[in-house]
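>
Protein chains in written order, with the numbering used here: chain P, 99 to 505; chain V, 5 to 428.
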């Protein structure tokens with residue numbers, strides 16, 4: 099949709115400017131809160147606001163952390179070779195393995211042949227040839243329809259939509275065609291081999307059309323699977339699972355993590371389970387649920403809450419798959435904690451948090467100690483200079499968790 | 005590529021490009037811009053607005069005379085008779101099911117009256133070619149071997165419907181006959197056919213995909229997307245536009261301003277032909293040639309078949325609201341694809357005057373028998389409501405299934421449970 103000459107610098111700048119953005123935002127944060135404190139003695143400076151994945155304790159940064167990861171152990175890949183990868187490289191690695199293990203697999207989309215504007219498909223055309231890794235004309239509905247056609251012939255189609263903000267010309271193909279292909283044919287035909295990858299979510303400077311998180315729009319459609327990974331290890335395992343899953347799947351990749359999230363990633367071919375949430379930190383007093391890059395805001399908020407309310411522990415859950423989602427894991431947690439905070443970057447009204455809140459009140463009604471708190475993007479288009487206000491950041495989540503706890 | 009400001013040399017000239025002549029003083033220089041490599045500079049300020057209308061390929065006239073003996077169809081008597089017989093069967097089936105809808109026995113139907121020559125395209129394909137239809141391609145399906153029973157079962161949404169009772173009548177599909185299931189949204193099948201063709205090409209088999217759509221659907225973005233992708237990616241696909249003059253009520257003159265749909269094919273760099281879509285042999289010959297191009301050269305071909313929709317759009321439409329009955333009647337008498345084919349067969353001595361009645365009678369008997377049988381069958385078992393959404397039932401769907409089944413046990417009359425087959 100947007101001309102590539104404009105997207106390229108934006109995309110390529112992400113990696114280089116990521117650190118500087120974080121530095122700037124941290125400085126702004128300090129400045130804002132310290133000056134606010136100077137204006138009014140009643141306002142406390144916020145402490146411990148780390149802003150983002152760079153400070154996360156959830157990443158598997160060391161080989162030892164991979165070795166001890168229960169899920170990777172269960173998959174039998176924790177002991178093998180690992181390589182330091184950012185999320186972009188992990189996605190590249192997943193596609194390489196998908197291509198190497200399946201001769202029908204192809205990767206295509208706008209600008210993918212030279213490596214993609216985010217460089218996720220770098221080197222694949224050289225390794226697997228231009229017949230399998232190819233550029234398409236600039237047409238999202240064409241890309242989606244083409245992928246459906248290939249998948250309907252039993253082939254594996256990995257289609258890139260350059261930005262999630264530009265997926266909407268393909269909405270008809272995805273919603274009316276891909277999602278219903280098996281059902282409408284009485285299972286004579288299906289497009290199980292179809293996977294969409296698309297960069298999503300905020301980056302600090304994307305504005306209206308390089309920032310959106312449209313996952314709930316697709317999660318509302320029976321027949322589709324929707325996945326949002328939070329890290330390199332997750333992205334590789336979930337993408338491989340999505341590609342091999344026998345249902346059309348959309349993988350929304352929080353693009354802010356492409357370079358900023360770095361982990362030791364198993365070199366082996368492995369698939370993480372779809373529709374299975376992961377408890378990242380056990381806790382007893384409140385359940386905090388999110389997915390994608392939002393996890394790091396939640397982690398930060400949880401740290402601050404636990405520091406400020408001694409004795410309180412929060413259970414942090416990464417949903418990983420938004421549709422069909424793992425209601426059971428969340429419900430078990432809420433039955434234990436009695437409180438739920440759910441967060442996502444997409445706007446609040448009609449968002450996925452509403453679904454989770456409704457489902458949990460139905461399942462856990464008598465156990466709930468306080469109203470479910472939703473911490474979401476605001477009900478406005480994703481605004482450029484106002485992004486900090488828009489975001490369901492650690493500050494807003496911190497406030498929401500405390501509200502749930504002291505209700 | 006041309007060097008900087010380098011004059012054209014003979015070696016660089018495209019073969020047969022008449023505009024370059026070394027002797028000519030007005031030798032024109034090719035542009036260097038990457039977006040139009042064959043363009044030359046001109047000094048005339050002129051807008052390209054119209055080109056000569058693309059001619060319409062015809063084999064026989066409306067009386068069944070082959071106009072150029074070189075075009076005499078190379079088919080066996082059996083093949084030709086089978087094509088004609090299927091045109092009659094299609095008509096007979098349409099008549100019965102149209103009436104059935106009018107009597108409220110099925111919910112919806114679409115007939116193919118006026119467009120029977122489409123069967124010529126089906127006859128020119130290989131059975132392994134993959135068909136992506138729009139909805140008015142029952143003739144193609146019939147010619148591929150879909151049985152009357154299968155048509156009826158689909159229209160009755162009964163337990164033998166291959167689509168498990170989930171879609172409206174005429175949304176046929178059969179994996180066995182390489183006919184992808186019809187979906188109601190228009191033009192979505194066009195980029196899909198391109199993708200399927202790319203898959204076929206990768207398999208290295210000499211097969212193509214064939215995509216049918218109307219001139220109305222060609223206004224959708226998916227038409228542009230599909231043709232452009234097929235052209236740029238070298239997909240062996242035949243795009244077959246049934247230009248029948250109407251998109252529901254909107255006449256072609258309000259649908260587009262250019263020279264039909266065919267002119268667009270040229271714009272996409274696609275080999276294109278316009279044919280008399282009421283001439284079964286023109287359709288047959290064009291499709292055969294298109295198939296050859298697609299399969300041998302891995303590239304798309306566009307056929308624009310000019311025809312006239314004698315049918316109402318569907319049983320939900322009364323076309324007398326927007327066109328005169330006389331217009332329709334004139335078409336059925338002046339240029340009737342079935343009559344043209346019969347005339348051709350009779351000239352050959354392959355069909356006798358009385359043969360029609362016999363075929364029609366047999367077809368009607370078969371249709372009515374299948375119709376009655378389909379009507380008696382139960383709807384598919386209720387579990388089919390939940391299956392095939394995903395490859396496996398999700399926990400949520402299991403839960404919904406339990407809820408609905410419990411309600412159905414509680415309110416069997418409301419849910420008319422006896423109309424549905426039992427779970428086995």
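Just so you know, even glycine gets a beta-carbon here, dropped at the ideal spot from N, CA and C. Note that the coordinates shown come from a computational prediction; the quantities given were computed from them, not determined experimentally.
Which residue from 335(P), 254(P), 166(P), 325(P) puts its Cα closest to that of residue 187(P)?
Residue 335(P) is the option with its Cα nearest to residue 187(P).
> So residue 246(P) contacts chain V; which residues on that side make the cut at Cβ distance below 7 Å?
Here the neighbours are 196, 199.
> Nearest-angstrom Cα distance between residue 501(P) and residue 423(P)?
Approximately 26 Å, taken between the alpha carbons.
> Should residue 162(V) and residue 357(V) be called a contact, given that it needs their Cβ atoms to be closer than 9 Å?
No.
> By how many angstroms is the C-alpha of residue 218(P) removed from the C-alpha of residue 230(P)?
Taking the straight line joining both Cα atoms gives about 15 Å.
> Among 293(P), 283(P), 417(P), which residue has its Cα nearest to the Cα of residue 338(P)?
Among 293(P), 283(P), 417(P), the Cα nearest to that of residue 338(P) belongs to 293(P).
> Considering Cα atoms alone, identify which of 198(V), 332(V), 308(V), 303(V) is closest to residue 3(V).
Since the first residue of chain V shown is 5 and the last is 428, residue 3(V) is not available in this structure.
> Would you mind working out which of 368(P), 492(P), 498(P) sits nearest residue 196(P), comparing C-alpha positions?
It is 368(P).
> With a threshold of 9 Å between beta-carbons, can residue 400(V) be considered close to chain P, or not?
So yes, residue 400(V) belongs to the interface.
> Anything in the segment 459-483 of chain P with a Cβ closer than 7 Å to a Cβ of chain V? List those residues in chain order, please.
Going along the segment 459-483 of chain P in chain order, one finds no residue with a Cβ nearer than 7 Å to chain V.
> What's the call for residue 201(P), buried or exposed, on a 16-neighbour Cβ count within 10 Å?
Exposed.
> Hey, which unbroken runs of the beta strand (DSSP E) at 3 residues or more fall wholly within the segment 426-496 of chain P?
Runs found: 438-445, 471-475.
> Identify the continuous beta strand (DSSP E) that holds residue 352(P) and give its terminal residues.
347-352 is the extent of the beta strand (DSSP E) around residue 352(P).
> Quick check: what's the CA-CA separation for residue 281(P) versus residue 113(V)?
Spanning the two alpha carbons is a distance of roughly 21 Å.
> Does the CB of residue 248(V) have a neighbour CB from chain P at under 9 Å?
No, residue 248(V) lies away from the interface with chain P (no Cβ there is under 9 Å from its Cβ).
> Should residue 352(P) go down as buried or exposed, given a rule of 16 or more other Cβ atoms within 10 Å for buried?
Burial call: buried.
> What residues are listed by DSSP as bridge partners for residue 251(V)?
Answer is 254(V).
> Which value, in whole angstroms, describes the spacing of the CA atoms of residue 130(P) and residue 143(P)?
Unreliable placement is indicated for residue 130(P), whose pLDDT of 42 sits below 50; no coordinate value is reported for it.
> Residues of chain V with CB closer than 7 Å to the CB of residue 310(P), please, in chain order.
In chain order: nothing, as chain V lies at least about 21 Å away.
> Can you pull the chain P neighbours of residue 422(V), defined as C-beta to C-beta under 9 Å?
Within 9 Å Cβ-Cβ: nothing; residue 422(V) doesn't reach chain P, min ~22 Å.
> Which residues does DSSP list as the beta-bridge partners of residue 270(V)?
The partner list for residue 270(V) (beta bridge, DSSP) is empty, contrary to what the question assumes.
> Can you tell me the Cα-Cα spacing of residue 386(V) and residue 459(P), whole angstroms?
Cα-Cα distance, rounded: 29 Å.
> Compute the Euclidean distance between the alpha carbons of residue 307(P) and residue 443(P), then round it to the nearest angstrom.
In a straight line, the C-alpha of residue 307(P) is about 14 Å away from that of residue 443(P).
> Buried or exposed for residue 483(P), please, with buried defined as at least 16 other CB atoms from any protein chain shown within 10 angstroms of its CB.
So residue 483(P) ends up on the exposed side.
> Helix, strand or coil: how does DSSP classify residue 245(V) here?
Reduced to three states, the DSSP call for residue 245(V) is strand.
> Tell me the rounded alpha-carbon separation between residue 135(P) and residue 145(P).
With a pLDDT of 42 at residue 135(P), under the threshold of 50, the predicted position of this residue should be treated as unreliable, and no value is reported.
> Check each candidate in 285(P), 296(P), 256(P) and name the one with the smallest Cα separation from residue 264(P).
Nearest option by C-alpha distance: 296(P).
> Cutting at 6 Å between CB atoms, please list the residues of its own chain near residue 275(P), excluding the five before and the five after it.
The answer, listed in chain order, is 246.
> Which two residues bound the contiguous beta strand (DSSP E) that contains residue 259(P)?
Run containing residue 259(P): none; DSSP gives neither H nor E here.
> Where residue 126(P) and residue 149(P) are concerned, what is the direct C-alpha to C-alpha distance, given to the nearest angstrom?
Per-residue confidence for residue 126(P) stands at a pLDDT of 45, beneath the threshold of 50, marking its modelled position as unreliable; no derived number is given.
> Which stretch, first to last residue, makes up the alpha helix (DSSP H) that contains residue 216(V)?
Looking at the DSSP string, residue 216(V) is not in any alpha helix (DSSP H); the run it does join, the beta strand (DSSP E), is 213-218.
> How big is the Cα-Cα spacing for residue 359(P) and residue 426(P)?
The straight-line gap from Cα to Cα measures roughly 28 Å.
> Under 9 Å between C-beta atoms, does residue 341(V) make it to chain C?
Absent from the structure: chain C. Protein chains present are P and V.
> Give the range of the beta strand (DSSP E) segment to which residue 182(P) is assigned.
From DSSP, the beta strand (DSSP E) with residue 182(P) extends over 180-184.
> Is there a Cβ from chain P that is less than 9 Å from the Cβ of residue 77(V)?
Chain P, which has no Cβ nearer than 9 Å to the Cβ of residue 77(V), makes this no.
> Residues of chain V with a CB under 7 Å from the CB of residue 214(P): which are they?
Within 7 Å Cβ-Cβ: nothing; residue 214(P) doesn't reach chain V, min ~18 Å.
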